[in-house]
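All residue numbers for the sequence shown refer to this note's numbering, where the first residue is 56 and numbers rise by one.
Built from N, CA and C at the ideal position, the CB exists for glycine as well.
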Amino acid sequence: MTTFDAVLVGSGINTLTAGALLARDGWSVCVLERADRLGGAIRTEQDYTLPGFTHEVMSSWHPLFQGSAAYAELADDLHGRGLEYVNTEHPTGTAFPDGSAMFLGTSLEANVAEFDRVAEGDGGAWQRQFEEFMGQADLSFGVLGTELWSGSGLGLGQRMFRRLGRRGLLEFAGHALGTCRDWTQATFRSEQAHGLLAPWVLHTGLGPDNAVSGFMTQVIACAVQLGGMPVPVGGGVKLVEALSDIVRDAGGELRTSAPVRRITVSSGRATGVVLDDGDVISANRAVIAGVTPTQLYGELLRPHETPDDVRDAAARYRYGRAGMQIHLAMDEPPRWTGPDADRLARSAIVHVTSGLDGVSRAVNEAERGLLPAEATIVAGQPCAVDPSRAPDGKWIVWIQLQELPAGRVKGDAAGELDVGDGTWTDELREAYADRIVARLGASIENLASATLRRIALSPADLEALNPNLVAGDIYAGSCALDQNLLWRPFAAAPGHRTTVESLWHVGASTHPGPGLGAGSGYLVAKELTKPPVHRRLVARLPKVSDFTSDTSR
Ligand SMILES: Cc1cc2nc3c(=O)[nH]c(=O)nc-3n(C[C@H](O)[C@H](O)[C@H](O)COP(=O)(O)OP(=O)(O)OC[C@H]3O[C@@H](n4cnc5c(N)ncnc54)[C@H](O)[C@@H]3O)c2cc1C
């Protein structure tokens, strides 16, 4: 069959989720993936470093998916197809250079005590901000879970206005625009509390001095307390398999090694795609592209198929800082140093940084094209949540670095490494990985002696695995305010509808941005499967039974 209701380009979390929801609703679906496997940035490799060690090569942590609307709707289908989540009460902590540490867990009471431990009064501040946030959580999460340029977006705005009033709405928006630095410093006395929260802003694609980073830090901090740090038993591949099986079980197709070269357009409407090998696959109802704007408007569509201003704006779409991954197989669990060693060993994600200013400095150095002198090390410990990832008694470390230059490396802020012509050679990657591992070794005393094997992936290696990660930007586009929220992917074509009829744009480059929340795939699938207007109006009319039950009272 070469004609489907929907053809989806790429097999990331968003297209897979959209495909599963459409397939469940009776659509015939075809997912086309250029790589040799499905999943995009979800890539679980067994025996990756050594036999018996299972690594998440890229994304690892699933709080966004487990908290998503897509999961709420698909959970039974996914669990019925083998997906199982495990979670932890110890999602995160920060290890500071002086050997001290601070933690954020899943218990409000314990978090209040932890904030008070570092500074009397900060516990109350944590509780107050949490309660205030929860009072408006439907609005905050609503901004991230709504198609903003639509009737629902307007409805959300009206709901905010009715609840908060003009002044309250202005205050809410003003608060949302603030920086992580301003919010953490105004809320908590302790610098350790700032250092606990600030690294989380990196996971939203921002830095602590960017607009909106205060709101994002608060959203993530509260979400971590509410949701912990779940991972699928056996790795993210289990989620990919379960979503793919929903599509297959409904008669859909998923093809790997099937790069899409072009989207076909006839009379202003998307009609299907052409693959690199010349195969044509037709779409009766929708083409859903999970790619960057650069690829969508610059390669997959021909110039005359989109307005000039949209094409020009897409060509100016900016990519953000690059990322790097380092994977370690260890002969034994890590022995963290300091009085909180045990708690650090139990934590899913430990940030190693000197604090808010340390994160700010490293972000600034990366944004100026430099390798940071002291990067924020995101040390993930999957075995602390899912011991099946390594043989008995062994361990893996998932290290993520999010403060690397976008594009060419201009120099080394520490003045130590020769960056050559600024391209990511194997030598530069390994030399930088050496620096990171040596710094982490100051916090984990057996890191060097227990490491059995290391694999590092530079920004160039990441882009080679997935072309959406342009120049190693793990979030497929800068999340600065002019490319975020109402403006994502960019002001000339915000949201998911495109200027070509029946062509929809999803993925990390689109609202609500990067992460495993599947938000864009969900929103588009819901839009495509919503009942026609007349049926929705009829559904709102009172039923005959409403009247008959009245009379029987
Ligand atoms: C290293 C790394 C670590 C991360 N860690 C986390 C984490 O722990 N938790 C979290 O929530 N988020 C994490 N993220 C972010 C999150 O994984 C991504 O934002 C999300 O997976 C992106 O999903 P997507 O739907 O945009 O598609 P992607 O995952 O980007 O997949 C797109 C797919 O489309 C394919 N494709 C592109 N062009 C074509 C074409 N022309 N034809 C056919 N196929 C094509 C690509 O090969 C790719 O497989 C991480 C990201 C990276 C890169």
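Contact check between the stretch 387 to 406 and the stretch 121 to 134: fewer than three CB pairs, one atom from each, fall below 8 Å, which does not count as touching.
With respect to the 8 Å criterion, VAL64 and VAL328 are classified as neighbours on the basis of their beta carbons. Taken through DSSP and simplified to helix, strand or coil, ASP304 comes out as helix.
Not one heavy atom of ligand 1 lies closer than 7 Å to the C-beta of ILE381. LEU294 is not a Cβ neighbour of THR431, given a cutoff of 8 Å. Here ALA469 is exposed: its Cβ has fewer than 16 other Cβ atoms, across all protein chains shown, within 10 Å. LEU77 is positioned such that its CB atom lies closer than 8 Å to that of VAL84. For GLU556, DSSP records a beta bridge to ARG324.
For GLN240, the enclosing alpha helix (DSSP H) begins and ends at 235 to 242.
GLY435 is a Cβ neighbour of ALA403, given a cutoff of 8 Å. Beta-bridge partners of ALA519 (DSSP): none assigned.
Between the alpha carbons of GLY477 and GLY424 lies a gap of roughly 9 Å. Relative to the non-hydrogen atoms of ligand 1, the Cβ of GLY200 never comes closer than 7 Å to any of them.
Here ILE343 carries a strand assignment [DSSP, helix/strand/coil]. The nearest non-hydrogen atom of ligand 1 is 7 Å or more from the C-beta of GLN240. Here CYS85 is bridged, per DSSP, to VAL62, GLU308. Residue environment for GLY206: exposed (fewer than 16 other C-beta atoms within 10 angstroms of its C-beta). The Cβ-Cβ distance between GLY378 and GLY527 falls below 8 Å. Residue pairing by DSSP places TRP453 opposite HIS382, GLY435 in a beta bridge. At least 8 Å separates the beta-carbon of PRO348 from that of ASP331.
Distances taken from the Cβ of ASN142 to the heavy atoms of ligand 1 include none shorter than 7 Å. Comparing C-alpha distances from GLN350 to each of LEU472, VAL198, ASN521, ARG398 shows the shortest one belongs to ASN521.
In this chain, the beta strand (DSSP E) harbouring VAL407 covers 404 to 407. When rounded, the separation of the alpha-carbon atoms in LEU507 and GLY496 is 14 Å.
Note that the stretch 402 to 422 does not touch the stretch 552 to 567; fewer than 3 beta-carbon pairs, one per stretch, sit closer than 8 Å. Counting only runs of at least 4 residues, the stretch 149 to 195 fully encloses the following alpha helix (DSSP H) elements, listed from N- to C-terminal order: 163 to 173, 177 to 190. In this structure, the alpha-carbon of THR99 lies about 18 Å from that of THR70. When the five nearest sequence neighbours on each side are left out, the beta carbons in the same chain lying within less than 8 Å of the beta carbon of THR72 are those of ALA125, LEU129, LEU298, ALA573, GLY576, TYR577, ALA580, in order along the chain. Under DSSP, the beta-bridge partners assigned to TYR140 are PRO287.
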